[in-house]
Amino acid sequence: MSKEQEKRKELFIKQPVIYDKKGNGHPIDNDVGRLLIQKGDGKVTEQEILLLLRKYNLKDTLILIGNYSRYIYHRNTDHFGKAGHAEEGTGIIVTQFALAYIANLLILSGANNSSQNTLKDDPYSFLALCNIYGNKLISPELEDGKKFDQDSFISFMVRMWYEQMSSVQFNIENLLTRNIVLFDYLAKEIEPKKFAKLSDIFLEENGITIDEYIKIGFGFFAGTRDHSAFRVTYLSNAKIEAFEKIFTEEKVNSFLNILAVNYERFNQFDKQINQGLDPVYTKNRFNPLFTYPVIKEKEVNGDDIYIIPNIAAFAYKTFGGLFWWFNNYFEQVDNKKKLHLNFREFFGNNIFEEYVGLILKEIYGEQNVSPEIIYSKQNNRFTDWQVFKENKCYLFEVKANQFALLSRQTGNLETIVNSELKKVVDAIIETYKNIQDINKFEELARFRGKEIIPIIVFLEIPLVSSDLYEENINALLAEKEKKENLVGLKNFKYHLLNIDELELYSSVKDEIDIEKVFNAVKGDRSQGFTSYISKINDEKPLHNEYLDKIYEDFFSEYIIDPKR
18 MSKEQEKRKE LFIKQPVIYD KKGNGHPIDN DVGRLLIQKG DGKVTEQEIL LLLRKYNLKD
78 TLILIGNYSR YIYHRNTDHF GKAGHAEEGT GIIVTQFALA YIANLLILSG ANNSSQNTLK
138 DDPYSFLALC NIYGNKLISP ELEDGKKFDQ DSFISFMVRM WYEQMSSVQF NIENLLTRNI
198 VLFDYLAKEI EPKKFAKLSD IFLEENGITI DEYIKIGFGF FAGTRDHSAF RVTYLSNAKI
258 EAFEKIFTEE KVNSFLNILA VNYERFNQFD KQINQGLDPV YTKNRFNPLF TYPVIKEKEV
318 NGDDIYIIPN IAAFAYKTFG GLFWWFNNYF EQVDNKKKLH LNFREFFGNN IFEEYVGLIL
378 KEIYGEQNVS PEIIYSKQNN RFTDWQVFKE NKCYLFEVKA NQFALLSRQT GNLETIVNSE
438 LKKVVDAIIE TYKNIQDINK FEELARFRGK EIIPIIVFLE IPLVSSDLYE ENINALLAEK
498 EKKENLVGLK NFKYHLLNID ELELYSSVKD EIDIEKVFNA VKGDRSQGFT SYISKINDEK
558 PLHNEYLDKI YEDFFSEYII DPKR
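Residue 18 is where the sequence shown starts when you use this note's numbering, and the numbers rise one by one after that.
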C-alpha cells in the first residue's frame, strides 16, 4: 500500500467518507464506514447488518427505501432499467433486490419509530450500505480458497437468477396479463373435479373477485409513481367512474388483508421460512416482501398507513403470486389429503396447458395448432400441442414446473440434479417415447415424414433455455437409456424454454423460426433466448399481440393509460 493510500485509509477510519467520480469525499455514518473499510469482500455478516440497521428510524427508513425503489422502477433511464440504478455521482449500483434485502433486515433488526437517526438526510451512507450489500456481504463465491468450477458456476447462476433476474427483470405487462388469463379467465371456464372453482374459492375467502383484486392492485401500482405510503382512502376516494364499485373502502381493505402485514407478523413469517437457512446464503434468503409486499403501520392518531418498501416485490407478488395464494390455501385447509398437490396437477394439466395453447395459436395461427391426441389401447397421450408448418411439426409438451425455494436460494447442485432436473428429464423422456410411437400407431400417421422438433415449455425454471444444465441432463439421460433400454435417448434432440420466452418470441415469429433461435444461442453464454430475439427485433421492446389485446381490454375503462 502506498503512503497516499495509507494516509487515505487513516483519514477514513477517523471520518469515513465515500468518494464521487470527481474525487470529492462525502462523510458517511461511522458504523457504515467501519463495515466498509474494516471488512474484506464477503466478510460482512447478516448479524452485522442487523445491528447496524437497528439504530435507524423504522418508518422513515422504510419509506426512504420505497422512494428509491419507485424511482428506479418508474423513472430510471440508465441501462439497468427497472432492476437497478447506477448513482451518477459515485457510480454505486443500487439494485431492487438490495433495497428489498435492506428493508427485510431493517424490519427484523428491532428498529422502531422513536429513533432520531435517519438515512433520509444522509444519502451517501445509504449508498454505502447498498455497496456493502453488493460487494461486502457474505456469499459462497467470496469464501477464502473456494474453487470455482462448473458445479460452482451452476450454483452461482441459479442464485443470481433468483437474486436479480426472476423477481425484478420481468415484463410487468406480460406477468399481469398472463395471470389475468390464467386465473381470471381460464379458472372460471375450467371445472376442477376435486375442489370448487378457483374463482369461487378466492371470492369466498377474500370477499373480492380475482378481477377486483387485480384492478385494486393496479390502482396501488399506478400510485407508486408518486408515493411509497398510502391510506385506504387513496383509492376509496378516487374519482374513477368505471371503478367506482371496485375502489370501495371495504374492497380495498379486503385487498390489503391479502398482501399487508404488521411488523410482528412479518417477523414471524421470516422466522418460519428462513430459520433453517445457512447464513452464508443470506443474500438469497427468502424475503417476506415477496409474500407480503405491503407493511401495515399504525399512525399516532390511530389511522393505518400502508408502506410499499419495494415496487418490484409488490408487482411480482400482486400480479404473479396468485398461484402461490391457491397453493398455500389448499395446504392450510387440507394438508392431510394433499389438496395442494391436486391443485398443482389441475393447474398444470388444465389451466397452464390451455394457456400455452392460446399463446401458440397467436404465434402460429389457430388453424395450424392441434391439441393432445389420445392413441393406443392404453389411451396414451401424444404431446399437449402440435404445430404444423410446411414440412415441419413442432411438438410442444407443457410442464408447470418451478424450482423449489431451497434450490433457488442455495443453488445446491445435488438438490438441483436429484430433484429439479429429474423432472426435466422425465418430460424429455415422455416426449422421446411419443416420437418413438409415431411409426407404431396409425393414429399418429400424420406425423410420419415430417421434421419433428420437440419443445418443452415450463412455467419458470432458471435459465432453462440455455445450456447451463446440458452436461447434467445428458448424464441423467444416459443413465435412463442404459437402465430402461431406451435406445438413442442420450442423443435425443430437444429444446427447453420458459413460458415468458415463448410469449416474447411472438415479436419475431415472422423473422426467424424458433428452432433457429435455439441453435443460435446454443453453447454461447454471452447471450440467451430473450437477448437474441431482442437483437432480431432491433432492440425494440418485445411483446405478444394476444397479451397486448387482453391487457388493453381489461383496463379499457381505466381513466389513465394502463401502460403509462
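Each residue gets a CB set at the ideal place from its N, CA and C atoms; glycine is no exception. None of these values were measured; they are calculated from a predicted model.
Coil, strand or helix - residue i by DSSP
i	result
K268	helix
I109	coil
N188	coil
R581	Model confidence at R581 stands at a pLDDT of 37, short of 50, so the residue's coordinates are unreliable and nothing is read from them.
N93	coil
D443	helix
P305	helix
Y486	coil
V278	strand
E414	strand
I576	A caution first: I576 carries a pLDDT of 47, below 50, which makes its placement in the model too unreliable to give a value.
N554	coil
P44	strand
L513	strand
V198	helix
Q292	coil
Y73	coil
L154	strand
Q453	helix
F283	helix
K497	helix
I207	coil
K406	strand
Residues bridged to residue i [DSSP beta-bridge criterion]
i	result
H102	V111
R398	I391
P603	Outside the shown range of the chain (18 to 581) lies residue 603, about which nothing can therefore be said.
A246	I324
K315	D321
E477	Q419
Under 8 Å between C-beta atoms of residue i and residue j
i	j	result
F343	K416	no
L154	T299	yes
I445	I478	no
I380	S523	yes
F413	L377	yes
L215	F237	no
V481	L514	yes
F336	I231	yes
F347	L356	yes
K409	K467	yes
Y73	S132	yes
A277	N304	no
V34	H43	yes
I171	I490	no
L144	I109	yes
V269	I149	no
I550	L559	yes
N152	D58	yes
F430	D228	Reading off the sequence shown, one finds Leu at residue 430, where the question assumed Phe. Cβ atoms of L430 and D228: not closer than 8 Å.
Burial state of residue i (16 or more Cβ within 10 Å)
i	result
N274	exposed
E258	exposed
R581	Low per-residue confidence applies at R581: pLDDT is 37, beneath 50, and the placement is therefore not dependable enough to give any value.
L339	buried
A495	exposed
R92	exposed
R302	buried
I54	exposed
A332	buried
G17	This structure cannot settle anything about residue 17, because the visible part of the chain is limited to 18 through 581.
D138	exposed
N451	buried
N502	exposed
R465	exposed
I82	buried
R87	buried
S15	Because the chain in this structure spans residues 18 to 581, residue 15 falls outside the shown range and cannot be described.
D578	Bear in mind that a pLDDT of 44 at D578, under 50, signals an unreliable position, so the number given afterwards is only what the model happens to contain. Answer is exposed; the Cβ neighbour count stays below 16.
G101	buried
I391	exposed
G98	exposed
S483	buried
P471	buried
Q285	exposed
(request) Please specify which runs of the alpha helix (DSSP H), each continuous and at least 4 residues long, are wholly inside the region 342-393, giving them in chain order. (result) For the region 342-393, whole alpha helix (DSSP H) runs of length 4 or above, ordered along the chain, are 356-363, 370-381.
(request) Please go through the region 519-565 and give each complete alpha helix (DSSP H) segment of 4 or more residues, from N-terminal end onward. (result) 531-538, 546-553
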